[in-house]
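Participant: So that we are looking at the same thing, I have put the structure below in structure tokens.
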Amino acid sequence: MQTHPAKRVEIIIEAPMETRLTAALEKAGVTGFTVLPVLGGSGRSGRWTREGQVGRAGMVAVICLIRPDRLDTLLDAAFTVVERHIGLVSITDTEVLRAERF
Amino acid sequence: MQTHPAKRVEIIIEAPMETRLTAALEKAGVTGFTVLPVLGGSGRSGRWTREGQVGRAGMVAVICLIRPDRLDTLLDAAFTVVERHIGLVSITDTEVLRAERF
Amino acid sequence: MQTHPAKRVEIIIEAPMETRLTAALEKAGVTGFTVLPVLGGSGRSGRWTREGQVGRAGMVAVICLIRPDRLDTLLDAAFTVVERHIGLVSITDTEVLRAERF
Amino acid sequence: MQDILSLAAANLLTPMILCFALGVAASLARSELTIPEAAAKTMSIYLLFAIGFKGGVAVNDHGLDASLGLAILGGVVLSFGLPFVAFALLKVLTRLSAIDAAAVAAHYGSISIVTFVTATSVLQSSGIASEGYMVAVAAAMEAPAIVSALWLVARSGQAAKMDADLWREILLNGSIVLLVGSFVIGLVTGAKGMERIDAFIVAPFQGILCLFLLDMGLVAGRGLKAAKGVLTAGALAFGILMPIIGAAAGLVVGLGVGLSTGGVALMMVLAASASYIAVPAAMRVALPEANPALYLTLSLGVTFPFNLTLGIPAYVAIAQAFGG
Amino acid sequence: MQDILSLAAANLLTPMILCFALGVAASLARSELTIPEAAAKTMSIYLLFAIGFKGGVAVNDHGLDASLGLAILGGVVLSFGLPFVAFALLKVLTRLSAIDAAAVAAHYGSISIVTFVTATSVLQSSGIASEGYMVAVAAAMEAPAIVSALWLVARSGQAAKMDADLWREILLNGSIVLLVGSFVIGLVTGAKGMERIDAFIVAPFQGILCLFLLDMGLVAGRGLKAAKGVLTAGALAFGILMPIIGAAAGLVVGLGVGLSTGGVALMMVLAASASYIAVPAAMRVALPEANPALYLTLSLGVTFPFNLTLGIPAYVAIAQAFGG
Amino acid sequence: MQDILSLAAANLLTPMILCFALGVAASLARSELTIPEAAAKTMSIYLLFAIGFKGGVAVNDHGLDASLGLAILGGVVLSFGLPFVAFALLKVLTRLSAIDAAAVAAHYGSISIVTFVTATSVLQSSGIASEGYMVAVAAAMEAPAIVSALWLVARSGQAAKMDADLWREILLNGSIVLLVGSFVIGLVTGAKGMERIDAFIVAPFQGILCLFLLDMGLVAGRGLKAAKGVLTAGALAFGILMPIIGAAAGLVVGLGVGLSTGGVALMMVLAASASYIAVPAAMRVALPEANPALYLTLSLGVTFPFNLTLGIPAYVAIAQAFGG
Ligand SMILES: Nc1ncnc2c1ncn2[C@@H]1O[C@H](COP(=O)(O)O)[C@@H](O)[C@H]1O
Ligand SMILES: Nc1ncnc2c1ncn2[C@@H]1O[C@H](COP(=O)(O)O)[C@@H](O)[C@H]1O
Ligand SMILES: Nc1ncnc2c1ncn2[C@@H]1O[C@H](COP(=O)(O)O)[C@@H](O)[C@H]1O
Ligand code: NA
Ligand code: NA
Ligand code: NA
């Protein structure tokens, strides 16, 4: 089956920053992304879990599949939001079906 | 530690299509997959979120780790389901421990 | 934007083993990981879903981004926990922003 | 008229309607107030269970008679028939493609159970009795409209993807199973069963309905905000006209099958209401090319609030006028 | 006999049992009706909290006496002992490996709190009193069976993975902590505490139990469908015989420690019931090689429905026959 | 003094406080008891809705007068002012950076709605009346403290990230919208609205508060365990002293604006309590460099339990002493 090279960008970011991140992505013309829930985790600021939480504690994971030539725009947009904040950005080479959707 | 090459296929698909996709995968002999929840996202059809939803709105993410030589069978099966529907299929090279499980 | 090579390790493991896995990771000096919820899946032991479950049934997905030279420590730690148990470990090459955080 | 207005005013100033309004306002003002998905689903399960059970107990009380069959038949005819009316009306008022129009039509032939639940609570607080088996009628009206819509699509030369699996999904969808199941449980256990669980399904009912309508308002408001583009003047007119036409058809059928005043009002409500849970999911599978923003916005963003605020009191008043 | 049958019939036609049946039927018919995981967990927390609190208040009312200690001791002995009976019975009826048989045995020595809750509600609606401290007995019976099962495994020359962490997890598992904690809170605050929260933990109790049993039915039905292979005739026979044996042992112990009629019935129910929450999780950690489909299907798909429908009314009737 | 002690003892042995203690104990013992996130959020929505609605109905009952405006003004002044006191106190007692101190200060100027809810339920069971509009005062006190904290940061030469979006988020955060919205709904629908939903929002209120406090205990205990490092003796002293100072300020303002005894007690509670939902989220956005473990542990792990157990009964007794 015909596949096309793409980048899979995964951004793990604090929940209160989610709307800012997605707004920045949209402003940069990145309209496709998917948000996954996160149950808990651990990092330099210790362990946390979402269980029993009332507030918007914790992180979410935002996944973008993007054409390789659009990657830098995306990273620039993401970086302005993540910069001062807790957040991980990873970029993986991938292949997608139906490249016309990107 | 000994690792073995494999493919990680990630299919983001509308929740009402989930059982059809997994049935197609099973029919094609792909018995291993994991379904992750999705909170929300954005695409050509705009933004959506699962919050407060009663119906089976939204998407789910299905992840398959598979031996490289089985990839095409999987993609063919997935494609018949995804074809007319909203859905993203990405394929990433990966390594797995314990290849005998695949 | 400047990126740095890293490994993305994804461990899908039974929920009752989660604390043992994360304890093993921490003991091995891996302090950064993120836990994603899993809705359901299928494998050699058949299909399962989290829906309506009261107990700690099902799986969780643990994601670690790690410097390549720390990978083996991580895999050794993970393997001792996963060994006798249901669990998938996959390792993908990736790039990260802000390598100083790892 | 006086009556309609005062009933409308009384209806508008209930906690239920105000909760819905609060939800819409909060969404439009982009407040981050949200109700967890699990809570929304659980409340809808509660409402379906409670309304089904109460209906069954009521039938156990008054006994089953032939009118149940007649009422179900009337409801099924409405559900089959209304999509054709809706489709024709859409062709006049909008420029939608056949597929989009058919998908919208399916929603308006089917029913909204929350509109129904709210109407029963309005009837109850107005002291108007209704047939307990109307919940069975509601369940029976969920699916037929989908058949009509797919037939409309096929007639326009397009292919809908309809298979046995989808039929099972539609006929055994969660709300039908729960509604019919709890109706049967109420029917079987009767007053004795009710005694055991009335503190759960009767006393807190209206309060839970309030929170649920708050959630519906949040979701509807979000939909309205996102769907500026799809809501043309014609579509908007359809979203208001169609429930009125449906209510009129429901009135005729309700009187025809000999329902009580309350029963007629509920039949009007069912015919006037549009699905936003079961049918959307079916449409995603059978007609993936149809635009979900369109049918969801019309159903949940226009017709649902219309029925909730103006429709229900009007239908009740009209049913009373005809009922004597 | 007449009594047992009429009690069984009365028990079968309650909303609770019918809700469970609805859940099983919906699952088997592959309806997509589901109750969110968060709702199921919350209902189980509610039930544990309510039953524990009520037990504590009852003990505060009647005062603590030596019989509590005796009853707990009796329960612990049952929990330690029954796995040996179960293991032997499995060896006779099935060809399970030692590990699988031991894992199943652990479940039958431990208890199912929902079976217990349902039994208390049957007792209550039959007007039969029971000792409030039976919830403490229930909590005490959760864990010992695991020790016996691991000993059985070790004896067959295999290694179970048992460490301090697992002990803490088992002894401080959510349901034990909640049950014992709310029991103590009820004990401390007594009638005054009850007055404050009875509208929450008494009135809606049976209704919430209904929805919870609906969920249990859905999960049990799903399990049954998935586990066609594992359920041999021998295993099935075990799933029916073992609760009967357990109930008999519970009868002897209950009479032995001098419980009231209701207390004896509850001791029978505890001994007859099989765990499906705490023990499965412990087995995944300690005996990962054991087949979860087997023990879950037996416990939740066979023994739970058996106890729910036939077992409880029979145990109550037998306890009454012996109690005088 | 006698009174305070007996009220404190009575307060400590209520199901609410004991549930909180159970949660803390379970966490510290590393039990895996947890309450699902969706359940915790839904309970907090329920509590906010119920308390807002009841407040609105009470105002509808007694009529609005100028004192509402005065009380809100007083609350806003407290919320603006207390962060300066907190900041100064932190500078004396700890070596926190300006950013950390300002972030903590924001929490103590703002309010904890659960502390408020618990206090209303203590007042109610002591038969002490209070102004219904105190919920509006509570809502008004959520945000101003954030402004003061950011001003403190700016004054120390650092940049806080404050934009229009953040303002909207803070002013329209879920709890403010729900509290004010349900207050208005209660105000509009009055006794008639209450009649419809009191079985939902009044009867089960204290029971749901119990389960919610159990969850708060679990979360607080987890936080305490994780935050051994951050809790210096100075910080701990701050966590106890600051609510006392806040309560004193609340007493002065409450008496100043002419509140009733119950109203004065609630104003003290608001001033003494520290936010742990709205402000933490705002701080993550505006002051990402501030250490969340610090402010969360102080607010939820130290001050919340202090107020819950000793604070509330003391404030009530003091308000009574001053109120006559
Ligand atoms: N190396 C990592 N791999 C995966 N997730 C991480 C990693 N480091 C941090 N995280 C996630 O980011 C959160 C905050 O990290 P930190 O700022 O280091 O405390 C953690 O709680 C994890 O959920
Ligand atoms: N480029 C993308 N990367 C990640 N997720 C996407 C992307 N495009 C679409 N999606 C997901 O697929 C859903 C439907 O996409 P669409 O059909 O374009 O509206 C979106 O709401 C996202 O959840
Ligand atoms: N090849 C695979 N790809 C993704 N997930 C898998 C795969 N195999 C197993 N799983 C997950 O691991 C669980 C247990 O697998 P198993 O032990 O094979 O039954 C399954 O239910 C899936 O959630
Ligand atoms: Na309709
Ligand atoms: Na047992
Ligand atoms: Na304060």
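Each protein sequence line maps, in turn, to chains A, B, C, D, E and F.
Numbering of the first sequence is given in our numbering, commencing with residue 1 and proceeding in unit increments.
Numbering of the second sequence is given in our numbering, commencing with residue 1001 and proceeding in unit increments.
Numbering of the third sequence is given in our numbering, commencing with residue 2001 and proceeding in unit increments.
Numbering of the fourth sequence is given in our numbering, commencing with residue 3001 and proceeding in unit increments.
Numbering of the fifth sequence is given in our numbering, commencing with residue 4001 and proceeding in unit increments.
Numbering of the sixth sequence is given in our numbering, commencing with residue 5001 and proceeding in unit increments.
Glycine included, each C-beta is placed from N, C-alpha and C at the ideal position.
Distance, Cα to Cα, residue 2958 of chain D vs residue 3209 of chain D?
Facilitator: Here chain D has residues from 3001 to 3324 only, and residue 2958 of chain D is not among them.
Participant: Along the region 47-66 of chain A, what residues have a CB closer than 7 Å to any CB found in chain H?
Facilitator: Considering every chain present, this structure includes no chain H. Its protein chains are A, B, C, D, E and F.
Participant: Output the distance between the C-alpha atoms of residue 5184 of chain F and residue 5056 of chain F, rounded to the nearest integer angstrom.
Facilitator: C-alpha separation (whole angstroms): 6 Å.
Participant: Just checking: is the beta-carbon of residue 4308 of chain E within a distance shorter than 8 Å of some beta-carbon in chain D?
Facilitator: Closer than 8 Å: no.
Participant: If residue 2094 of chain C sits next to residue 2008 of chain C, beta carbons under 8 Å apart, how far is it from one beta carbon to the other, in whole angstroms?
Facilitator: Going by Cβ atoms, the distance from residue 2094 of chain C to residue 2008 of chain C rounds to 4 Å, so yes, they are a contact pair.
Participant: Is the beta carbon of residue 33 of chain A closer than 8 Å to that of residue 13 of chain A?
Facilitator: Going by C-beta atoms, residue 13 of chain A is not nearer than 8 Å to residue 33 of chain A.
Participant: Check each candidate in F:5286, F:5201 and F:5112 and name the one with the smallest Cα separation from residue 5169 of chain F.
Facilitator: Cα-wise, what sits closest to residue 5169 of chain F is F:5286.
Participant: To the nearest angstrom, how far is it from the Cα of residue 4097 of chain E to the Cα of residue 4106 of chain E?
Facilitator: Rounded to the nearest angstrom, the two C-alpha atoms are 14 Å apart.
Participant: For a quick check, are the C-beta atoms of residue 4224 of chain E and residue 4174 of chain E less than 8 Å apart?
Facilitator: Cβ atoms of residue 4224 of chain E and residue 4174 of chain E: not closer than 8 Å.
Participant: When the cut-off is 8 Å and only beta carbons count, does residue 3284 of chain D lie next to chain E?
Facilitator: No, no contact with chain E.
Participant: CB residue 5044 of chain F to CB residue 60 of chain A, shorter than 8 Å?
Facilitator: No.
Participant: In the DSSP assignment, what residue or residues form a beta bridge with residue 1004 of chain B?
Facilitator: B:1096.
Participant: Within the continuous beta strand (DSSP E) that includes residue 2062 of chain C, where are the two ends?
Facilitator: Per DSSP, residue 2062 of chain C belongs to the beta strand (DSSP E) from 2059-2066.
Participant: For residue 2047 of chain C, which of helix, strand or coil comes out of DSSP?
Facilitator: Reduced to three states, the DSSP call for residue 2047 of chain C is strand.
Participant: Indicate whether at least one CB of chain A lies closer than 8 Å to the CB of residue 5201 of chain F.
Facilitator: No, residue 5201 of chain F does not count as interfacial toward chain A.
Participant: If we count Cβ pairs, one from each stretch, closer than 8 Å, do we get three or more for the region 3237-3252 of chain D versus the region 5232-5239 of chain F?
Facilitator: No: the two stretches stay apart, fewer than three of their Cβ pairs being nearer than 8 Å.
Participant: Reducing DSSP to helix, strand and coil, say where residue 5310 of chain F ends up.
Facilitator: In this structure, residue 5310 of chain F counts as helix in the three-state DSSP scheme.
Participant: What in chain D is Cβ-close to residue 4206 of chain E, meaning under 9 Å?
Facilitator: Simply 3196, 3197, 3199 and 3200.
Participant: For residue 29 of chain A, is the classification buried or exposed, using 16 other Cβ atoms within 10 angstroms of its Cβ as the cut-off for buried?
Facilitator: Its Cβ having fewer than 16 others within 10 Å, residue 29 of chain A is exposed.
Participant: Put residue 4304 of chain E into one of helix, strand or coil per three-state DSSP.
Facilitator: The answer is helix: DSSP assigns residue 4304 of chain E an H, G or I state.
Participant: Enumerate, from N- to C-terminal direction, the unbroken beta strand (DSSP E) stretches of 3 or more residues contained entirely within the region 2010-2048 of chain C.
Facilitator: For the region 2010-2048 of chain C, whole beta strand (DSSP E) runs of length 3 or above, ordered along the chain, are 2033-2037 and 2040-2043.
Participant: If contact means a Cβ-Cβ distance below 8 Å, which residues of the region 1069-1094 of chain B contact chain D?
Facilitator: For the region 1069-1094 of chain B, which is checked against every Cβ of chain D, the residues closer than 8 Å are 1084, 1085 and 1086.
Participant: Any heavy atom of ligand 6 closer than 7 Å to the beta-carbon of residue 5110 of chain F?
Facilitator: It does: the Cβ of residue 5110 of chain F is within 7 Å (strictly closer) of some heavy atom of ligand 6.
Participant: DSSP has residue 3266 of chain D in a bridge; who is on the other side?
Facilitator: DSSP lists no partner for residue 3266 of chain D.
Participant: Using a Cβ-Cβ cut-off of less than 8 Å, list which residues of the region 3251-3277 of chain D approach chain B; keep chain order.
Facilitator: The residues in question are 3276 and 3277.
Participant: Is it true that the CB of residue 3148 of chain D sits closer than 8 Å to the CB of residue 3276 of chain D?
Facilitator: No, these two residues do not count as a Cβ contact at 8 Å.
Participant: Which value, in whole angstroms, describes the spacing of the CA atoms of residue 3217 of chain D and residue 3303 of chain D?
Facilitator: If you take the alpha carbons of residue 3217 of chain D and residue 3303 of chain D, they lie about 13 Å apart.
Participant: Can you pull the chain C neighbours of residue 39 of chain A, defined as C-beta to C-beta under 8 Å?
Facilitator: Per Cβ cutoff of 8 Å: 2035, 2036, 2037 and 2060.
Participant: Note the first and the last residue of the continuous alpha helix (DSSP H) segment covering residue 3044 of chain D.
Facilitator: Where residue 3044 of chain D is concerned, the enclosing alpha helix (DSSP H) stretches over 3037-3062.
Participant: How is residue 1091 of chain B classed by DSSP in three states: helix, strand or coil?
Facilitator: Of the three classes helix, strand and coil, the one that applies to residue 1091 of chain B here is strand, per DSSP.
Participant: What three-state label does DSSP hand residue 5011 of chain F in the structure shown?
Facilitator: In the structure shown, residue 5011 of chain F sits in a helix (DSSP, three-state: H, G or I).
Participant: Name the residue from E:4309, E:4222 and E:4154 whose alpha carbon lies nearest to the alpha carbon of residue 4099 of chain E.
Facilitator: Nearest option by C-alpha distance: E:4154.
Participant: What residue does the alpha helix (DSSP H) around residue 5108 of chain F start on, and which one ends it?
Facilitator: Note, residue 5108 of chain F: alpha helix (DSSP H), 5098-5109.
Participant: If I measure Cβ to Cβ from residue 4024 of chain E and keep anything under 8 Å in the same chain, skipping five residues before and after, which residues do I get?
Facilitator: If we look at residue 4024 of chain E and ignore the five residues flanking it on each side, its Cβ neighbours are 4217, 4218, 4220, 4221, 4224 and 4305.
Participant: Report the neighbours of residue 2032 of chain C on chain A: residues whose CB is nearer than 9 Å to its CB, in chain order.
Facilitator: What residue 2032 of chain C touches in chain A: 41, 42, 43, 44 and 88.
Participant: Is the beta carbon of residue 11 of chain A within less than 7 Å of some heavy atom of ligand 1?
Facilitator: No, ligand 1 has no heavy atom inside 7 Å of this Cβ.
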